[in-house]
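The sequence shown lines up with residues 41 to 177 when you count with the numbering used here.
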Amino acid sequence: NEAADNNRGSIQKVMSRDRSLGIILISLGWLAFLLFASVFVCLQIDEISDVYQDESSYWAWTIFIIVMAGVTPVVAIGGNLIRWKIYERWILRSGKNARPDGSFGSPRKSRRKNRSERGASHTKASEEEDGAYVQMT
């Protein structure tokens with residue numbers, strides 16, 4: 041147990057909470073900067089639309105609303121959904137899986153005998169040895 045405790049102490053944390061908080065604060069600051077910069081540009085287009093007839097504040101605000109209320113949520117939700125599906129497939133399709141004959145093992149051909157070849161002495165302990173697990177769907 042003492043060796044295990046020493047080994048735990050030598051494992052470095054990949055990312056501490058302090059660093060995560062810093063990254064979150066930088067991301068929120070950048071998000072606020074971009075949002076306020078977009079609003080500022082739309083307000084400036086609104087100011088100069090009377091002087092320069094080729095600038096339309098209506099179109100600037102329309103594009104701003106479409107991007108903020110339409111494009112950004114679709115990209116965010118779609119990207120997160122794709123990422124979740126990739127993660128879900130990785131979790132559910134990797135490792136040891138049930139084969140069509142009812143035995144458990146990796147998708148490659150297993151060196152162990154399957155259940156029918158082991159005979160009637162199949163117990164719960166032998167399932168644990170095979171690495172079987174219940175998959176959530």
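Note that the Cβ used here is the ideal one computed from N, Cα and C, for glycine as well.
With DSSP collapsed to three states, give me the class of Glu95.
DSSP, read as helix, strand or coil, puts Glu95 in coil.
Would Ala100 and Ile85 qualify as a contact pair, given that the criterion is a beta-carbon distance under 7 angstroms?
The answer is yes: Cβ separation under 7 angstroms.
So, under 8 angstroms CB-CB, Ser134 and Phe104 are touching, yes? Tell me the CB distance rounded to an integer number of Å.
Not confirmed; about 43 angstroms, so no contact.
Taking only runs of the alpha helix (DSSP H) that begin and end inside the region 60-111, which ones reach a length of at least 4 residues, in chain order?
Correct list: 97-106.
Taking a contact to mean a Cβ-Cβ separation below 7 angstroms, would you say Ile106 touches Glu95 in this structure?
Contact flag unset, no.
Which whole-angstrom value describes the C-beta separation of Cys82 and Ser97, a residue pair presumed to lie in contact below a C-beta threshold of 8 angstroms?
With a Cβ gap of about 7 angstroms, Cys82 and Ser97 count as contacting.
Smallest Cα separation from Ala109: which of Leu75, Ile126, Ile63?
Selected option, being the one with the closest Cα: Leu75.
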